[in-house]
Amino acid sequence: MEICMNETADLEHLEKKYQLSKRLLLDSNPFFENEKIFKGEKIVIPGWGFVQNNPFHPSPSLTKNTYNAVPISWPVIDPKRPYHFFALTSDIAVLKKNYPFIKERIIGRSVLGNPLVELLIGSGTKKVHMNGSFHANEWITTAIMMKWLNEYVRKLILNESINGISVRQLYEQITLSFVPMVNPDGVNLVLAAESFDPQVKEQAVKLNNNCEDFSDWKANIRGVDLNNQFPAFWEIEKERKSPKSPAPRDYPGDYPLSEPEAIAVSELVKQSQFDLIVAFHTQGEEIYWGYLNYEPEESEEIVKEYELLSGYKGIRMIDSHAGFRDWFIKEYRKPGFTVELGRGRNPLPLDQFDEIYRKAKGIFWASLYLLCK
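So, in C-alpha cells, the structure goes:
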C-alpha cells in the first residue's frame, strides 16, 4: 500500500509501526536518499493493505478513518488455472504491486517477441536460480512456482521461519532468481492457440502432423526442444534423437543455443554466476542431480534433503545430454537439479496441483535455507 506521511519521521519509526525490516522498506522504496522521510512524501509499505472497518455498514463518506491498514496474510494470486503467458503476466503485476521489493527484468525475448521475465527476490551474496516451463506442455510447473513465490513473500511480511531459519534471514543472505516461464510461445500454443497469428498457427499445425490439438507439444514455436539446446555433448543428442527437423518435441536444433530462449537463459547464468540451480519439469517425482561425475560433493547432501522433504527419488545419472542442468554442472561444477514434478502423462491435470505443491514445496525452501548454513 502507499501512504502519504503526515509527519516527518525516520525509517526506524516505520520499521516499528509496520513490523518490517529496514531492508524490505528500502528495497520497496529505492528512491530513499537517507533514512528520514518528510511530511508529504509518499511511501510504499510492502505487504500491507487497507481493509474496511465495517464492510456490513459502510460509511456514506469514505474517509481515511473508514479503512484499517493490516498486513496481507492471504494469497494475492491464485495460479491454480490454465497458466499461459497472459496469466503469468497478470499475476506478476499483482505480486509486484503488493510486494514492490520484487524486482523484474527482461533477460531476453522469445521467437515471437514475448519477454522472458526474471523475478529477483532478496539481497544476499548467495545466488539461487529456479526456472519452469522449458517444455510447453509442462506449464503447470510455472503455476506451482508462482504459488511458492507468493508463499515466500507472504512469510517475509509476517516474519515467519522455515526449518528454524527466519525467512527474512533468507531474504538478506540469498538472492533468488526466478524465471517462471522459459518457453512462453510454446505454453501459449498449448493453452491459447486461438491467440496466435493465423500464419504462425498454420506453421505450427504443419509441424504437429496437421493436428490442431497441441497438448503433446513440448518445443518452442519453431519446433526446437529448448532442453536439448545446451553445449553439454549436444552432438550426442543431435545424432540419436529421431526428429531430424523441427518437431513438436525432442528436436535439438541445428546447433547448440540456436534459439533465443536458450540463449537468454545461458547468458543469464554466465552473468549471474549462480551457486545453485533448479529446473522444474514434469513428470515422475524424480530428482536428477549428477552429470558424468562433474557434480560437486555437496550435491548429494542437498538431494538427500530434497528426498526427505518431498518423497521424490534422487537419481544421479541418466543417459541424457544437452540439457540445461547438464550444461550448468559441466560448465560450473556447482549443484544443479532437474525436478520432475507429479506423475502421469503431460500435460498433468490441474487436479494434481495441490498434491504437487504440497509434496515439492520443501524443495523450494531447502534450495534457499541450505545455502544459509
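In numbering that gives the first Met the number 0, the protein residues as written are 0 to 372. Where is the CB? At the ideal position from N, CA and C, for every residue including glycine. Quantities reported herein were computed from a predicted structural model and do not represent experimental measurements.
task: Apply the 10 Å Cβ neighbour rule to PRO348 and answer buried if 16 or more other Cβ atoms are within range, or exposed otherwise.
output: Residue 348 sits at position 349 when you count from the first residue of the sequence shown. Label assigned to PRO348: exposed.
- request: Check whether the Cβ atoms of LEU169 and GLY121 sit closer than 9 Å, and answer yes or no.
  value: The residue you call residue 169 lines up with position 170 of the sequence shown. The residue you call residue 121 lines up with position 122 of the sequence shown. Contact flag set, yes.
field: At least 3 beta-carbon pairs within less than 8 Å: the region 134-142 vs the region 74-93
entry: Under the 8 Å Cβ criterion, the region 134-142 counts as touching the region 74-93, having at least three qualifying pairs.
query: Nearest to VAL75 by alpha carbon, out of LEU23, LEU188, VAL166 and LEU94?
result: Counted from its first residue, the sequence shown places residue 75 at position 76. Comparing Cα-Cα distances from VAL75 to each of LEU23, LEU188, VAL166 and LEU94, the minimum goes to LEU94.
field: Endpoints, alpha helix (DSSP H) assigned at GLY185
entry: On the sequence shown, residue 185 is found 186 positions in, with the first residue counted as 1. Taken as a continuous stretch (DSSP letters only), the alpha helix (DSSP H) holding GLY185 covers 183-190.
task: Give the range of the beta strand (DSSP E) segment to which ILE120 is assigned.
output: Here residue 120 refers to the residue found at position 121 of the sequence shown. First-last of the beta strand (DSSP E) with ILE120: 114-120.
- request: With GLY361 as the anchor, note down where its alpha helix (DSSP H) starts and where it stops.
  value: By one-based count along the sequence shown, residue 361 stands at place 362. Counting along the chain, the alpha helix (DSSP H) containing GLY361 begins and ends at 352-368.
message: HIS280 and PHE133 - do their beta-carbons sit closer together than 9 Å?
response: For the purposes of this step, residue 133 is taken as the residue at position 134 of the sequence shown. For the purposes of this step, residue 280 is taken as the residue at position 281 of the sequence shown. A contact, by the Cβ cut-off of 9 Å.
task: Counting only the same chain and skipping the five closest in sequence on each side, list residues whose C-beta sits under 6 Å from that of LYS38.
output: Along the sequence shown, one-based indexing puts residue 38 at 39. Excluding sequence neighbours, LYS38 sits near MET4, GLU6 and THR7.
task: List the DSSP bridge partners of SER176.
output: Position 177 of the sequence shown, counting from 1, holds the residue named residue 176. Paired residues: LEU119 and HIS128.
field: Option in GLU354, TRP47 and ILE262 with minimal Cα separation from PRO99
entry: By one-based count along the sequence shown, residue 99 stands at place 100. Nearest C-alpha to PRO99: TRP47.
field: Residues of its chain near VAL204, where Cβ-Cβ distance is below 8 Å and the 5 sequence neighbours each way are ignored
entry: Here residue 204 refers to the residue found at position 205 of the sequence shown. Once the five neighbours on either side are set aside, the close Cβ partners of VAL204 are CYS210 and GLU211.
Entirely enclosed beta strand (DSSP E) segments - the region 279-335, minimum 3 residues: Counting whole runs of 3 or more residues, the region 279-335 contains the beta strand (DSSP E) stretches 285-287 and 312-314.
Beta-ladder partner(s) of GLU1, from DSSP: Here residue 1 refers to the residue found at position 2 when the sequence shown is read from its first residue. Beta-bridge analysis with DSSP links GLU1 to VAL43.
- request: May I ask which residues mark the beginning and end of the alpha helix (DSSP H) holding ILE91?
  value: Residue numbering aside, residue 91 sits at position 92 when the sequence shown is read from its first letter. DSSP places ILE91 in the uninterrupted alpha helix (DSSP H) bounded by 84-97.
message: Below 8 Å, how does it come out for the region 188-199 and the region 276-294: are there three or more Cβ pairs, yes or no?
response: No, they do not touch.
query: Can you name, in chain order, every residue of its own chain whose Cβ lies under 7 Å from the Cβ of LYS237, other than the five neighbours on each side?
result: Working through the sequence shown from its first residue, we reach residue 237 at position 238. Correct list, in chain order: PRO251.
field: Reduced DSSP secondary structure (H/G/I, E/B, other) of ARG22
entry: Along the sequence shown, one-based indexing puts residue 22 at 23. ARG22 falls in the helix class under three-state DSSP.
task: Have a look at the DSSP bridge pairing and note the partners of VAL166.
output: Within the sequence shown, numbered from 1, the residue matching residue 166 stands at position 167. Bridge partners of VAL166: none, in fact.
message: Taking 9 Å as the threshold (C-beta atoms), are LYS41 and ILE2 in contact?
response: Within the sequence shown, numbered from 1, the residue matching residue 2 stands at position 3. Within the sequence shown, numbered from 1, the residue matching residue 41 stands at position 42. Taking the C-beta atoms as reference points, LYS41 is found nearer than 9 Å to ILE2.
message: Using 9 Å as the threshold, is the C-beta distance between SER366 and LEU275 below it?
response: For the purposes of this step, residue 366 is taken as the residue at position 367 of the sequence shown. For the purposes of this step, residue 275 is taken as the residue at position 276 of the sequence shown. For SER366 and LEU275, yes; Cβs fall inside 9 Å.
query: Quick one: Cα of SER58 to Cα of SER72, how far?
result: Locating residue 58 in the sequence shown gives position 59, counting from the first residue. Locating residue 72 in the sequence shown gives position 73, counting from the first residue. Any reading at SER58 must be qualified, since the residue scores a pLDDT of 45, below 50, and its modelled position is unreliable; the value itself is stated next. Put simply, the backbone Cα of SER58 is about 25 Å away from that of SER72.
query: First and last residue of the alpha helix (DSSP H) that includes ILE262?
result: As a position in the sequence shown, residue 262 is number 263, starting the count at 1. Element bounds for ILE262: 259-271.
query: To which residues of the same chain is ARG239 closer than 8 Å at the C-beta, ignoring the five residues directly before and after it?
result: Your numbering for residue 239 matches position 240 in the sequence shown. Closer than 8 Å at the Cβ level, and outside the excluded window around ARG239, lies no residue.
Cutoff 7 Å; reference GLY123; Cβ partners in own chain excluding five residues on either side: Against the sequence shown, residue 123 aligns to sequence position 124. Hits under 7 Å: GLU171, GLN172, ILE173 and THR174.
message: Report the CB separation of ILE220 from LEU256 in whole angstroms; it is logged as a contact under 8 Å.
response: Taking the first residue of the sequence shown as 1, we reach residue 220 at position 221. Taking the first residue of the sequence shown as 1, we reach residue 256 at position 257. Rounded, the Cβ-Cβ distance is 17 Å, inconsistent with contact.
- prompt: Taking the C-alpha atoms as reference points, what is the distance between PHE229 and ARG248?
  reply: Counting from one through the sequence shown, the residue named residue 229 turns up at place 230. Counting from one through the sequence shown, the residue named residue 248 turns up at place 249. Approximately 16 Å between the Cα atoms of the pair.
message: Per DSSP, what are the beta-bridge partners of ALA8 in this structure?
response: Position 9 of the sequence shown, counted from the first residue, corresponds to residue 8. According to DSSP, ALA8 bridges with ILE36.
query: Is the CB-CB distance between ASP90 and MET145 below 9 Å?
result: Indexing the sequence shown from 1 puts residue 90 at position 91. Indexing the sequence shown from 1 puts residue 145 at position 146. It is a contact, given that the beta carbons lie within the stated cut-off.
field: Short Cβ contact (9 Å threshold) for LEU206 with GLU258
entry: Looking up residue 206 in the sequence shown gives position 207. Looking up residue 258 in the sequence shown gives position 259. Cβ distance not < 9 Å, so LEU206 and GLU258 don't count as in contact.
query: Can you name the start and end residues of the beta strand (DSSP E) that ILE106 belongs to?
result: By 1-based counting over the sequence shown, the position of residue 106 is 107. Start and end: 102-108.
Identified DSSP bridge partners for GLU171: For this step, residue 171 is matched to residue 172 along the sequence shown. For GLU171, which the question treats as bridged, DSSP gives no partner whatsoever.
query: Are the Cβ atoms of LEU369 and GLU296 separated by less than 9 Å?
result: The count along the sequence shown starts at 1 and reaches residue 369 at position 370. The count along the sequence shown starts at 1 and reaches residue 296 at position 297. Not closer than 9 Å, so no.
query: Can you tell me the Cα-Cα spacing of LEU115 and TRP288, whole angstroms?
result: Against the sequence shown, residue 115 aligns to sequence position 116. Against the sequence shown, residue 288 aligns to sequence position 289. Going from the Cα of LEU115 to the Cα of TRP288 covers about 25 Å.
message: For VAL264 and PHE323, which I take to be in contact (beta-carbon distance under 8 Å), what is that distance rounded to the nearest angstrom?
response: Sequence index remark: in the sequence shown, residue 264 carries index 265 (1-based). Sequence index remark: in the sequence shown, residue 323 carries index 324 (1-based). 7 Å between Cβ atoms; contact.
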